[in-house]
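In UniProt numbering, the protein residues as written are 1 to 398. Yeah, the Cβ is synthetic: ideal placement off N, Cα and C, and Gly gets one too. Every value quoted in this text rests on a predicted model; they were computed, and no experiment measured them. Data block below; observations after.
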Amino acid sequence: MTLPSLRLKANADRRLRAGHLWVYSNEIDVAATPLNGFGPGAQAVLEAAGGKPLGIVALSPNNLICARLLSRDVKHVLDKSLLVHRLNVALSLRERLFDTPCYRLVYGDSDLLPGLVVDRFFDILVVQLASATMEQHKDEVLAALVQVLKPSGILLKNDSSARDAEGLERYVDTAFGVVPEWVALEENGVKFEAPVIEGQKTGWFYDHRMNRARLAPYVKGKRVLDLFSYIGGWGVQAAAFGATEVFCVDASGFALDGVERNATLNGAAERVTCVEGDVFAALKELKAAEERFDVVIADPPAFIKRKKDLKNGEAAYRRLNEQAMRLLGKDGILVSASCSMHLPEDDLQNILLTSARHLDRNIQLLERGAQGPDHPVHPAIAETRYIKSLTCRLLPNS
1 MTLPSLRLKA NADRRLRAGH LWVYSNEIDV AATPLNGFGP GAQAVLEAAG GKPLGIVALS
61 PNNLICARLL SRDVKHVLDK SLLVHRLNVA LSLRERLFDT PCYRLVYGDS DLLPGLVVDR
121 FFDILVVQLA SATMEQHKDE VLAALVQVLK PSGILLKNDS SARDAEGLER YVDTAFGVVP
181 EWVALEENGV KFEAPVIEGQ KTGWFYDHRM NRARLAPYVK GKRVLDLFSY IGGWGVQAAA
241 FGATEVFCVD ASGFALDGVE RNATLNGAAE RVTCVEGDVF AALKELKAAE ERFDVVIADP
301 PAFIKRKKDL KNGEAAYRRL NEQAMRLLGK DGILVSASCS MHLPEDDLQN ILLTSARHLD
361 RNIQLLERGA QGPDHPVHPA IAETRYIKSL TCRLLPNS
């Protein structure tokens, strides 16, 4: 395959040579290689200003990030062969980490497959194609997945907003075999079923696996409140780890049906109570009812999706955590999580400190958690690190 060239301006290759994988539109020598000469999803040979090849890139010519490095070897274009190789490399890490085949198999740029996410649920795969390049190579992606993993079913869950920037339509489609509405998975020895077709994202959030495992010593024999519970990733595991009572709060009745389903799977249905409604309203009602909990878990959706949301988002995290603290007993544990990439961990820590002091409570930071190793961070790309989880102890101010 003979590919066209994409030429960088002078010195624009420094970041790439230092390890980054992204090319911005203002770094392109558009006089030599106009971006409007490329279609979305095309591949090109990226060249330094002097003409030296730097690798193969996938193009999104209409976006600020106009190209992403696929390979630093110009012989390796994106095709089935490269996909099989990358999948095998990704698989070798996950098989080293986990005894059960339930994990994020591919995490985009970090696994050198930009625009591709694959979650594995035993022999079912849920795939997200977020770039025009991956969409155009959909058949090769599917063929490579079948060859490497021999799944019984593959679901294309292409309904995310990330596709809008690429000019791609949103759709959900069973692309191979049979995919049931609810699929089995296991996490930290606890059994679940996830609604991969109708649920959020791929149906499950593997990124907090290690943080949920840390719950065990804090929840045994305790009363637990799980906010934004979704289908019970935190709450049902808390019950499985020995909590005496767990309240799961979520605005979605569908999600809470999943909580009940998963609690039953683990013999914990009698200890899990579902509360449907707005989380902030539920917090006020629980406070008014003078309810108290030993452990509160606050893992909300991203309050800060863009930099311009920062101020309002920080206020929302402050409000959530302060209200959560009000429900804790004298010696209580708060697990405060954030999936907002734009909220640094230090800022979340300061929000917790400020909230505790406002309530005249002492706070101890016990554990810091991040995304699991099946969501590897690319050291040059801050955007690949997004999960924060802080486990804190709240004490009287005495």
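Spatial neighbours of Met341 in its own chain (CB-CB distance under 7 Å, excluding positions within 5 residues in sequence) are listed in chain order as Glu383, Tyr386. Take the alpha-carbon of Gly253 and the one of Leu83: they are about 39 Å apart. Taking the Cα positions, Phe122 is about 7 Å away from Leu185. Three or more Cβ pairs drawn from the segment 4-22 and the segment 55-75 lie within less than 8 Å of each other, which places the two stretches in contact. A distance below 7 Å between beta-carbons, with the five flanking residues on each side excluded, links Leu390 to the following residues of its chain, in chain order: Ser336, Leu348, Gln349, Leu352, Leu365, Arg368. Thr354 carries a helical assignment under DSSP once its states are collapsed to helix, strand and coil. In terms of CA proximity to Gln371, Glu345 leads the group Gly37, Arg357, Trp22, Glu345. CA-to-CA, the gap between Leu394 and Gln323 works out to about 13 Å. The beta carbons of Gly329 and Asp294 sit about 6 Å from each other, so the pair counts as a contact at 8 Å. Exposure of Arg306 is indicated by the presence of fewer than 16 other C-beta atoms within 10 angstroms of its C-beta. In the structure shown, Arg104 falls within a strand segment according to DSSP collapsed to helix, strand and coil. With a threshold of 16 other beta carbon atoms within 10 Å, Gln147 falls short and is exposed.
By the neighbour-count criterion, in which a residue is buried when 16 or more other Cβ atoms sit within 10 angstroms of its Cβ, Val89 is exposed. Burial is judged here by how many other beta carbons sit within 10 angstroms of a residue's own beta carbon; Ser161 has fewer than 16 and is exposed. If you check the CB distance, Ala243 and Val224 come in under 8 Å. Counting C-beta pairs with one atom in each stretch, the segment 151-158 and the segment 219-237 have fewer than three that are closer than 8 Å, which means they do not touch.
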